[in-house]
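Before any comments, here is the structure.
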Amino acid sequence: MGEPICIKDFEEFAYKTLPRNALDYYRSGAGQQETLANNKRAYSNYRIRPRCLRNVAETDISVTVQGEHVSMPVGISPTAMQRMAHPDGECANAKAAQDMGTIFILSTISTSSIEEVAEAAPRGIKWFQLYIYRDREVTRQLVSRAEHAGFRALVLTVDAPFFGLRLADIRNKFVLPPHLK
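Using my numbering, the letters of the sequence shown correspond one by one to residues 93 to 273.
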């Protein structure tokens, strides 16, 4: 297989290269994975509507999001524990988003610190995904660290009061690899 160029290629590449534990973590959802299946189905229904008979001498897909100029209406959403897939993890994806001029959202459950990501992509548009913890001091500290590191927005996750029952993780007896924190 050559270099991946579409989502299907990246999936096939992941199947060939990731350890089973990591692959199953990234590709599965909670419970019977009904929400995951519904999301895939919904995503497959999106269409790009071409505008015919338009001047295409100059094209521009940039947009403004929260007052920020973004090169395209696509960003990198929060994905937990990215160093399971690559040694540079979240730092590499933040750099890629910076290089592409789009948004990177750091997961609360990352394997790179807020500060490491900020240092890796100092000019990038960085947002921080936040779970609201029972211990509000933990939440406050995360917000403060993100703000001081130059993250420009919070993306609140309010629909997950606890981690989902991930059957693949139970079957694999999932634990974070020892070299990750």
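Don't be surprised by glycine CBs; every beta carbon is placed ideally from N, CA and C.
Query	Result
Euclidean distance between Cα positions of K108 and F196	26 Å
Complete alpha helix (DSSP H) runs within the stretch 105 to 187 (minimum length 4 residues, chain order)	112 to 119 and 126 to 136
Bounding residues of the alpha helix (DSSP H) (the contiguous stretch that carries L234)	R228 to H240
Local conformation of A217 per DSSP, three classes	The displayed chain sequence assigns Ile, not Ala, to residue 217. Strand.
Per-residue burial, Q221 [other beta carbons within 10 Å of its own, 16 or more giving buried]	buried
Pick from S204, S199, G94 and E126 that is closest to H65, judged by C-alpha positions	One cannot answer for residue 65 here, as it falls past the ends of the chain, which runs 93 to 273.
Of the residues H161, M173 and M176, the one placed nearest A189, counting alpha carbons only	H161
Nearest-angstrom beta carbon gap, D116 and D261 [assumed within contact, 8 Å]	7 Å
Own chain residues within Cβ distance below 6 Å of Y223, not counting five before or after	T200 and T249
Collapsed DSSP secondary structure at V209 in the structure displayed	helix
Cα-Cα separation between T194 and A122, rounded to whole angstroms	29 Å
Top-ranked residue by Cα proximity to A252, from Y138, P269 and R226	R226
Of the residues C98, A172 and A134, the one placed nearest F255, counting alpha carbons only	A172
Sub-8 Å separation of G181 and Q174 beta-carbons	yes
C-alpha gap between Q158 and G216, whole angstroms	14 Å
Rounded distance between the beta-carbons of A241 and E207, thought under 8 Å	6 Å
Own chain partners of Q278 with C-beta closer than 6 Å, once the 5 adjacent residues on each side are dropped	Residue coverage of the chain in this structure runs from 93 to 273, which leaves residue 278 outside it and unanswerable.
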